[in-house]
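The structure appears below as structure tokens.
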Amino acid sequence: MRWRDVYREAELYKAAVRVYTKPLFLWRKALNVSTDGKTLYDLAARGLKGLAGIHQQLRSARFHFRPSIGLKYNFNGKRRTLYIPPWEERIVDLLLYRLLNRRLHRWFSPSSYAYRDHRYGLDRCQSQIAAIVRSAGKPIYVVKRDISEYFASVNHEILLRQLAEHIAPDDYLFELMAERIRFEYQDESGAHRAEVGIPFGCASACIFANVFLTGLDRVIESISDVHYFRYADDLLLLSPSRDAALIGAERIHQALIELRLGTKASHQQDLMLAAKPPSDDRRFRHVVAFRHLGLQFDCRGEVSLSRDKARKIQNLFRFAFRRSRRRWKKIIGSCERARTLVAIACQTIERGVRNVAILDYYLKHVTGVGQLRLLDRWLAEEILSLVFGGHKKGHFAKISFAELRQFGLPSLVHRHQMIRHRKIDSPFFIWQQQRLDRVFKGTVASRRHGACAAPDFSPCPEAAAPEKPVREGGRLYMGVME
-16 MRWRDVYREA ELYKAAVRVY TKPLFLWRKA LNVSTDGKTL YDLAARGLKG LAGIHQQLRS
44 ARFHFRPSIG LKYNFNGKRR TLYIPPWEER IVDLLLYRLL NRRLHRWFSP SSYAYRDHRY
104 GLDRCQSQIA AIVRSAGKPI YVVKRDISEY FASVNHEILL RQLAEHIAPD DYLFELMAER
164 IRFEYQDESG AHRAEVGIPF GCASACIFAN VFLTGLDRVI ESISDVHYFR YADDLLLLSP
224 SRDAALIGAE RIHQALIELR LGTKASHQQD LMLAAKPPSD DRRFRHVVAF RHLGLQFDCR
284 GEVSLSRDKA RKIQNLFRFA FRRSRRRWKK IIGSCERART LVAIACQTIE RGVRNVAILD
344 YYLKHVTGVG QLRLLDRWLA EEILSLVFGG HKKGHFAKIS FAELRQFGLP SLVHRHQMIR
404 HRKIDSPFFI WQQQRLDRVF KGTVASRRHG ACAAPDFSPC PEAAAPEKPV REGGRLYMGV
464 ME
């Protein structure tokens, strides 16, 4: 590939539109600054002239990447450095990702699901794993590996040699890619040039992540009687044959050594998935279910939420109740307080884009409703504990489960059924409705409550209770977006 063969001005503008529209879901992202100290609003102030300037630099091969800012973050206990480039660099970085991802799509392994086009992704990966487990009919050997500090451990020399097989080394495109690999950044200790690793948080790092491991994918795919799945740095191998699983585990080990990568000992698992252990096996530990990428797959083919994801759903409600504590604590009557807490629970899963995306994705893949019934009961108990104090079964004698349903208590079982029957809007349309409601809030003619407005139908299961009006000065919207 050469720059003149892949670059188009229209692709630059498509990347710019993507960069401009992403902060719509979280306006604070537009205020992020890098080494140049400018926000997205500063870039937008120049309008098309700014984009035309970037185009001229790219067309004449004069554009070069400026340093990023390296910020240390804690992602649920995982400490990582997030690299934030200036906004112009973000557009070009995304442009490179889109151009190369399209050109290398057929070369990438069909067993690689992360950072691909719409035909791939986590959704398809989980669905195919569930289909294989469901149709096995006999014990399955499971090999799980997780690469340790993958983005921070990629070897530059190996990656550049891999890219040289697809991009002319003397071309401007290769020069741009080399700048993203040996990227410059600034942190609290000064200016640096990376000697290892790829810039986590930048779009180009996603394409590098797939290029670097495609050779490993080819090695594992060549083993007969093996089903292989890779999502970024999470590796999963399924096989009905013990010998094939052992060969796959050994080849993964050797390939990672050649790439100078290691695995997390805490995430390394060799399992045998079966209802009953056929014999003692010191290498493969017998299990009736295993967890992968947030879901739990059991030997009968059922899919449920993993323990940490079930807790994550519970925390969505806990945090919403905690944020509105001052409001519902002032309410004296138990029924009135319960109604308010139910309204907060409803709006947590109906109006928060991030909450909706988390809930609906996992509910889409769950096949059994037993776990969801337990979550529904937990939510009712949590609300009653906030009303009366403490988790006690006797609280249901004061306000029954049926009464909470009449108040409008949401049901994950019902939402699961609505999703499977495609009766739930996507998170984008929920976000769009929410934005329109905010625009018309306080105006004389409201879209929702106007004379010609269509009636609202409650998404709650049992009796559709009338929605409780929001008090003046109150704010029930508790959604948190990333």
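The opening position of the sequence shown corresponds to residue -16 in the numbering used here, with each subsequent residue numbered one higher. Note that the Cβ used here is the ideal one computed from N, Cα and C, for glycine as well.
Requested in this report: Could you check the C-alpha separation between Leu77 and Ile382 for me, to the nearest Å?
Outcome: 54 Å
Query raised in the report: What does DSSP give as the partner residues of Gln169 in its beta bridges?
Result: Ile52, Ala174
Query raised in the report: Under the three-state reduction of DSSP, which class applies to His210: helix, strand or coil?
Result: strand
Query raised in the report: Is it the case that the Cβ atoms of Leu324 and Asp359 are separated by a distance below 8 Å?
Result: no
**Report entry** Met(-16) in three-state terms, based on DSSP
**Finding:** coil
**Report entry** Gln252, enclosing beta strand (DSSP E) - first and last residue
**Finding:** 252 to 256
Query raised in the report: Do you know how far the Cα of Arg1 is from the Cα of Ala232?
Result: 40 Å
Query raised in the report: For Pro50, is the classification buried or exposed, using 16 other Cβ atoms within 10 angstroms of its Cβ as the cut-off for buried?
Result: buried
Query raised in the report: Quick one: what's got a C-beta closer than 7 Å to Gly184's C-beta in the same chain, skipping five residues either side?
Result: Leu65, Tyr66, Ile67
Query raised in the report: Quick one, are the C-beta atoms of Ala119 and Pro6 less than 8 Å apart?
Result: no
Query raised in the report: Under 8 Å, do Tyr344 and Asp216 count as touching if we go by C-beta distance?
Result: no
**Report entry** Residue environment, Gln330, which counts as buried when at least 16 other CB atoms sit within 10 Å
**Finding:** buried
Query raised in the report: alpha helix (DSSP H) containing Phe191: first to last residue?
Result: 186 to 204
Report task. Determine the contact status of Leu221 and His210, defining contact as a CB-CB distance below 8 Å. Result -> yes
Query raised in the report: Taking the alpha carbon of Phe198 as the point to measure from, which residue in Arg86, Thr4, Leu242, His149 has its own alpha carbon closest?
Result: It should be pointed out that residue 198 corresponds to Gly in this sequence rather than to Phe. Ranking Arg86, Thr4, Leu242, His149 by Cα distance to Gly198 puts Leu242 first.
Query raised in the report: Which same chain residues, not among the five before or five after Tyr155, have their C-beta less than 7 Å away from its C-beta?
Result: Trp(-14), Ala44
**Report entry** Residues bridged to Tyr124 [DSSP beta-bridge criterion]
**Finding:** Ser222, Met255
Report task. Flag this pair as touching only if the segment 248 to 265 and the segment 106 to 124 have three or more C-beta atom pairs under 8 Å; answer yes or no. Result -> yes
Query raised in the report: What is the C-beta distance between Cys108 and Phe212, in whole angstroms, given that I count them as a contact (C-beta under 8 Å)?
Result: 6 Å
Requested in this report: Note the first and the last residue of the continuous alpha helix (DSSP H) segment covering Arg73.
Outcome: 70 to 86
Query - Inter-residue spacing [alpha-carbon to alpha-carbon] between Phe46 and Glu167 - result: 15 Å
Requested in this report: Classify Val325 as helix, strand or coil using the three-state DSSP reduction.
Outcome: helix
Report task. Just the C-alpha distance for Leu14 and Pro69, rounded to the nearest angstrom, thanks. Result -> 12 Å
Query raised in the report: How many whole angstroms separate the CB atoms of Gly245 and Ser95, which I take to be in contact at a CB cut-off of 8 Å?
Result: With 8 Å as the limit, Gly245 and Ser95 do not qualify as a contact, their Cβ atoms being about 20 Å apart.
Query raised in the report: Quick one: Cα of Val422 to Cα of Ser317, how far?
Result: At Val422 the pLDDT is 44, less than 50, meaning the model places this residue with poor confidence; the figure from the coordinates comes in the next sentence. Whole-angstrom Cα-Cα distance: 34 Å.
Query raised in the report: Ala227 and Asp208 look like a contact to me (Cβ under 8 Å); what is the Cβ gap, rounded to whole Å?
Result: 4 Å
**Report entry** Terminal residues of the beta strand (DSSP E) in which Thr64 lies
**Finding:** 61 to 67
Query - C-beta contact flag for Val126 and Ile181 at 8 Å - result: no
Requested in this report: Would you give the residue range spanned by the alpha helix (DSSP H) that Arg388 belongs to?
Outcome: 384 to 390
Query raised in the report: In its own chain, which residues sit with a C-beta less than 7 Å from the C-beta of Ala(-1), not counting the 5 before and 5 after it?
Result: Leu34, Ile74
Query - Cβ-Cβ distance between Arg320 and Val270 below 8 Å - result: no
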